[in-house]
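There are 2 protein chains.
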Amino acid sequence: MTIKDISKACGVSVSTVSRALNNHPDINPETKQKIMEVIENTGFVPNDSARYLKRTDANNIALVVKGITNPLFSQMIRIMEDKTHNAGYETILRHVGPMEDEVSIAQVLVKSRKLKGIVFLGGAFTHDENAVKTLGVPFVFSTIGNRERRYSNVAIDDLEAAYTATKYLIDKGHRNIGIITEGLSVPSIGELRLSGYKKALSEAKIQYNEKYVYEITEGIEHYTMGNGYAAAGKLIKNAPELTAIFCISDVLAIGACRAVRDSGRKIPRDISIMGFDGIEEGDYFLPRITTMSQPTEKLADETINILLDMIENEAEPKNVVMKAELIEKESVLAV
Amino acid sequence: MTIKDISKACGVSVSTVSRALNNHPDINPETKQKIMEVIENTGFVPNDSARYLKRTDANNIALVVKGITNPLFSQMIRIMEDKTHNAGYETILRHVGPMEDEVSIAQVLVKSRKLKGIVFLGGAFTHDENAVKTLGVPFVFSTIGNRERRYSNVAIDDLEAAYTATKYLIDKGHRNIGIITEGLSVPSIGELRLSGYKKALSEAKIQYNEKYVYEITEGIEHYTMGNGYAAAGKLIKNAPELTAIFCISDVLAIGACRAVRDSGRKIPRDISIMGFDGIEEGDYFLPRITTMSQPTEKLADETINILLDMIENEAEPKNVVMKAELIEKESVLAV
Chain A
1 MTIKDISKAC GVSVSTVSRA LNNHPDINPE TKQKIMEVIE NTGFVPNDSA
51 RYLKRTDANN IALVVKGITN PLFSQMIRIM EDKTHNAGYE TILRHVGPME
101 DEVSIAQVLV KSRKLKGIVF LGGAFTHDEN AVKTLGVPFV FSTIGNRERR
151 YSNVAIDDLE AAYTATKYLI DKGHRNIGII TEGLSVPSIG ELRLSGYKKA
201 LSEAKIQYNE KYVYEITEGI EHYTMGNGYA AAGKLIKNAP ELTAIFCISD
251 VLAIGACRAV RDSGRKIPRD ISIMGFDGIE EGDYFLPRIT TMSQPTEKLA
301 DETINILLDM IENEAEPKNV VMKAELIEKE SVLAV
Chain B
1 MTIKDISKAC GVSVSTVSRA LNNHPDINPE TKQKIMEVIE NTGFVPNDSA
51 RYLKRTDANN IALVVKGITN PLFSQMIRIM EDKTHNAGYE TILRHVGPME
101 DEVSIAQVLV KSRKLKGIVF LGGAFTHDEN AVKTLGVPFV FSTIGNRERR
151 YSNVAIDDLE AAYTATKYLI DKGHRNIGII TEGLSVPSIG ELRLSGYKKA
201 LSEAKIQYNE KYVYEITEGI EHYTMGNGYA AAGKLIKNAP ELTAIFCISD
251 VLAIGACRAV RDSGRKIPRD ISIMGFDGIE EGDYFLPRIT TMSQPTEKLA
301 DETINILLDM IENEAEPKNV VMKAELIEKE SVLAV
């Protein structure tokens, strides 16, 4: 029993069967139901057979990840790998260090692995245009903003979300607000979130103070609890007047909380800590981390949907902006 | 400049150059130094060229992971992917659910992707022997014990480590000790760790009480903070006399801590929580989690060393047992 037999039995094309199997939105619901009924009746195993639809040894999608141990990305990798597999592809995983260029790495992968597509998860916002042009396969930037909108990307509005987070702290009466960020030398998430922070301060007529900004440049990965710990330790030593710190990831926020506690202060009584991402860890921490929650599942889902649509239907690049949501927990107090 | 030119210039075989590039232990140090000097002088780029040594489109190693979002595994995946890549291979990532059979999944992958080798990370201890025999490529079970020693594996002594953890709690005066574990219906890490717990109780002449045992069977992954939270909540409700809970992973321990706190009790004052793994998160939690620390880097390193040795030098299967280390932090108190 092959996918061709299914298509004959249903009187539809093979690619329609494939769309039904892959839960592709672009299919008539009645057709889909009919196909799924035939499949059930025949005992046909969709996953394996969908894979055989395509050339088996060159049916790979690369997942190029900057920040592989970030729990936000662990969740997304699980979802994306699942979806990719269910659509008949295998996932080639590559992580890149904070100073490595993900596009050069992808160029080599495309050549040596006959990739069908690439997901860039995390990393910089702007890339060498010539390098990007030579990739030759569809790709999607995930959790990465895209100012020029020529390439597919899925991300939240980082500037807006950071503005919301900072404004929330200001509305709670904070004036001396630190920020722990990264990647300021290039257009990046860190730089956009710093802009959101600045925008909120400026709107509230609070003077921007460089002493309150810590940029992480250490380690094989930037978003780690260890970096949050070290950064917060330095911030509160150099600027003991801080009453709140906005960390641009929950992992950094958890590290920051620990540093504040080790300095003998309590959270949120003595200092408020605001996170970003909405990872599970933040919800079990003592105190629970108040955060800007990213729609992790939707980001991962949409990334793969767009990539598959480009690979299988030659769809045009697509830009999707999602909304982060402020989740009030226990780590921020009004002053 | 190819790897063949390097081998000619050094008067050694191509595979010797490959061993030097891959930091393989089985090479004369002087020969290695000579090769590396030639490489430096010629400006030859080892990583890319080492990859071309092998057939480019069939040079993949699969990483089949049970529990992909466990931070213990995120770290190991990063290290293993790095080592695999540096040795000239790409990593195909596949996660499997707690109820899926990793060996059947690997069988399909071997056929469709012409794999050179497989790492099984996490999962069950015993597998369908016929299925394992048909894999046809080298494989290593990582963080998985191996009673029969016919297949390569790298793991700590789980029974011994759980015994040490439980004995530590007993030595601190605890008598009513709960355990949160998983996978008891099959030979597994959870079952071995429960045996270690029972051994310590029995040695101290403490009656084993089924009411104190919680087996996790929920969710798309077992080792989650959410499961630790739910499990500890039920344990302390059904057995309020518990003064300590041994969680067989730090992720479960963090969830358990949150449940204890939400019940109005404090850690370690009212109840002690003991973890397992030694993940970074445990060190930033409030309180820091007392744990049995696994040698994460060494486990990952050795897994890939053994696999490469089997792939490249037809080495025999190897069994490596490492030691977990008791790390006293803040979540356990003497009673």
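Residue numbers (this note's numbering), protein chains in the order written: chain A, 1 to 335; chain B, 1 to 335. Glycine residues also receive a C-beta, built at the ideal position from the N, C-alpha and C atoms.
Relative to chain B, which residues along the segment 89-120 of chain A have a C-beta separation below 9 Å, given in chain order?
E90, T91, I92, L93, R94, H95, V108, L109, K111, S112, R113, K114
Of all the residues that make up the segment 214-242 of chain B, which are near chain A by a beta-carbon distance shorter than 9 Å?
I220, E221, T224, M225, G226, G228, Y229
Which residues in chain A have a C-beta closer than 7 Å to the C-beta of R78(B)? List them in chain order.
Position 78 of the second sequence, counting from 1, holds the residue named residue 78(B). Correct list: I68, T69, H95.
Is the number of C-beta pairs between the segment 26-42 of chain A and the segment 94-101 of chain A that are closer than 8 Å three or more?
no
Identify the contact partners of F139(B) in chain A, using a Cβ-Cβ distance below 9 Å as the criterion.
On the second sequence, residue 139(B) is found 139 positions in, with the first residue counted as 1. The premise fails here: F139(B) is roughly 17 Å from chain A at the closest Cβ pair, so nothing lies under 9 Å.
To the nearest angstrom, how far is it from the Cα of I267(B) to the Cα of V260(B)?
Here residue 267(B) is taken as the residue at index 267 of the second sequence, counted from 1. Here residue 260(B) is taken as the residue at index 260 of the second sequence, counted from 1. About 7 Å.
Quick one: grab the DSSP three-state call for G196(B).
Residue numbering aside, residue 196(B) sits at position 196 when the second sequence is read from its first letter. Three-state DSSP puts G196(B) in a helix.
Starting from Q75(A), find everything on chain B with Cβ-Cβ shorter than 8 Å and list it in chain order.
As a first step, residue 75(A) must be located in the first sequence, where it is residue number 75. Ordered by position in chain B, the residues that pass the 8 Å Cβ test against Q75(A) are T69.
Please list the residues of the segment 271-285 of chain B that have a C-beta atom closer than 9 Å to any C-beta atom in chain A, keeping them in chain order.
E280, E281, D283, Y284, F285
Measuring only the C-alpha atoms, how far is I220(B) from H95(B)?
As a first step, residue 220(B) is located in the second sequence; it is residue number 220 there, counting from the start. As a first step, residue 95(B) is located in the second sequence; it is residue number 95 there, counting from the start. Cα to Cα, the separation comes out at about 11 Å.
Of the residues I77(A), G196(A), N28(A), which one's Cα is nearest the Cα of T166(A)?
For this step, residue 166(A) is matched to residue 166 along the first sequence. The candidate whose alpha carbon is nearest that of T166(A) is G196(A).
Taking its Cβ as the centre, do 16 or more other Cβ atoms sit within 10 Å of N227(A), making it buried, or is it exposed?
Within the first sequence, the letter at position 227 stands for residue 227(A). Looking at its Cβ environment, which holds 16 or more other Cβ atoms inside 10 Å, N227(A) is buried.
Would you identify the three-state DSSP class for V14(B), choosing helix, strand or coil?
Counting from one through the second sequence, the residue named residue 14(B) turns up at place 14. Reduced to three states, the DSSP call for V14(B) is helix.
If you check the beta carbons only, do Y212(B) and G178(B) fall under 8 Å apart?
Sequence index remark: in the second sequence, residue 212(B) carries index 212 (1-based). Sequence index remark: in the second sequence, residue 178(B) carries index 178 (1-based). Their beta carbons are under 8 Å apart, which means Y212(B) touches G178(B) by this criterion.
Between E81(A) and chain B, is any beta-carbon pair separated by less than 8 Å?
To locate residue 81(A), count along the first sequence from 1; it is residue 81. E81(A) counts as touching chain B.
What three-state label does DSSP hand R265(A) in the structure shown?
Here residue 265(A) is taken as the residue at index 265 of the first sequence, counted from 1. In the structure shown, R265(A) sits in coil (DSSP, three-state: anything other than H, G, I, E or B).
So that I know if they touch, is there some Cβ in chain B lying closer than 8 Å to that of I61(A)?
Your numbering for residue 61(A) matches position 61 in the first sequence. Using beta-carbon distances, I61(A) does not count as an interface residue toward chain B, since no partner is under 8 Å.
According to DSSP, what are the bridge partners of K66(B)?
Taking the first residue of the second sequence as position 1, residue 66(B) is located at position 66. Partner(s): V96(B).
Can you find at least 3 beta carbon pairs, one from the segment 192-207 of chain A and one from the segment 152-169 of chain A, that sit closer than 8 Å?
yes
Give a yes or no on whether the minimum CB-CB distance between G255(A) and chain B is below 8 Å.
Translated into positions along the first sequence, residue 255(A) becomes position 255. At least one chain B Cβ lies under 8 Å of G255(A).
Mind the definition here: the segment 278-291 of chain B touches the segment 113-130 of chain B only if three or more C-beta pairs lie below 8 Å; say whether that holds.
no
For chain C, check one thing: does any of its Cβ atoms lie closer than 8 Å to the Cβ of R258(A)?
No chain C is part of this structure, whose protein chains are labelled A and B.
Flag this pair as yes or no: are the beta carbons of I180(A) and A231(A) separated by less than 8 Å?
Residue numbering aside, residue 180(A) sits at position 180 when the first sequence is read from its first letter. Residue numbering aside, residue 231(A) sits at position 231 when the first sequence is read from its first letter. A contact, by the Cβ cut-off of 8 Å.
Would DSSP call Y89(A) helix, strand or coil?
As a working mapping, residue 89(A) is identified with position 89 in the first sequence. In the three-state reduction of the DSSP assignment, Y89(A) falls in the coil class, being assigned neither a helical nor a strand state.
Within the same chain, show all residues whose beta-carbon is closer than 6 Å to that of V321(A), passing over the 5 residues directly before and after it, in chain order.
Your numbering for residue 321(A) matches position 321 in the first sequence. Here the set comprises D157.
Please tell me whether T56(B) has its Cβ less than 8 Å away from any Cβ of chain A.
Taking the first residue of the second sequence as position 1, residue 56(B) is located at position 56. Bear in mind that a pLDDT of 48 at T56(B), under 50, signals an unreliable position, so the model cannot answer this.
Compare the C-beta of R269(A) against all C-beta atoms of chain B and say whether one is closer than 8 Å.
Indexing the first sequence from 1 puts residue 269(A) at position 269. No, R269(A) does not count as interfacial toward chain B.
Report the option in N59(A), E81(A), L308(A) whose CA atom is closest to the CA atom of T69(B).
Looking up residue 69(B) in the second sequence gives position 69. Comparing Cα-Cα distances from T69(B) to each of N59(A), E81(A), L308(A), the minimum goes to E81(A).
With which residues is V154(B) paired in a DSSP beta bridge?
Along the second sequence, one-based indexing puts residue 154(B) at 154. For V154(B), which the question treats as bridged, DSSP gives the partners S142(B), V320(B).
Is there at least one Cβ from chain A nearer than 8 Å to D158(B)'s Cβ?
Position 158 of the second sequence, counted from the start, is the residue given in the question as residue 158(B). With 8 Å as the cut-off, D158(B) does not count as an interface residue toward chain A.
With 16 as the cutoff for other CB atoms within 10 Å, does D48(A) come out buried or exposed?
Sequence index remark: in the first sequence, residue 48(A) carries index 48 (1-based). Unreliable placement is indicated for D48(A), whose pLDDT of 45 sits below 50; the coordinate value is still reported in the next sentence. Flag for D48(A) reads exposed.
So R261(B) contacts chain A; which residues on that side make the cut at Cβ distance below 7 Å?
Here residue 261(B) corresponds to residue number 261 of the second sequence, with the count starting at 1. The contacting residues are L286.
Would you say H85(B) faces chain A, with C-beta separation under 8 Å as the test?
Position 85 of the second sequence, counting from 1, holds the residue named residue 85(B). Under the Cβ criterion of 8 Å, H85(B) is counted among the residues facing chain A.
From which residue to which residue does the alpha helix (DSSP H) around L369(A) run?
An answer regarding residue 369(A) cannot be provided, because it is not within the stretch 1 to 335 covered by chain A.
Can you give the Cα-Cα distance for R265(B) and A256(B), rounded to whole angstroms?
Residue mapping note: residue 265(B) aligns to position 265 of the second sequence, counting from 1. Residue mapping note: residue 256(B) aligns to position 256 of the second sequence, counting from 1. The straight-line gap from Cα to Cα measures roughly 12 Å.
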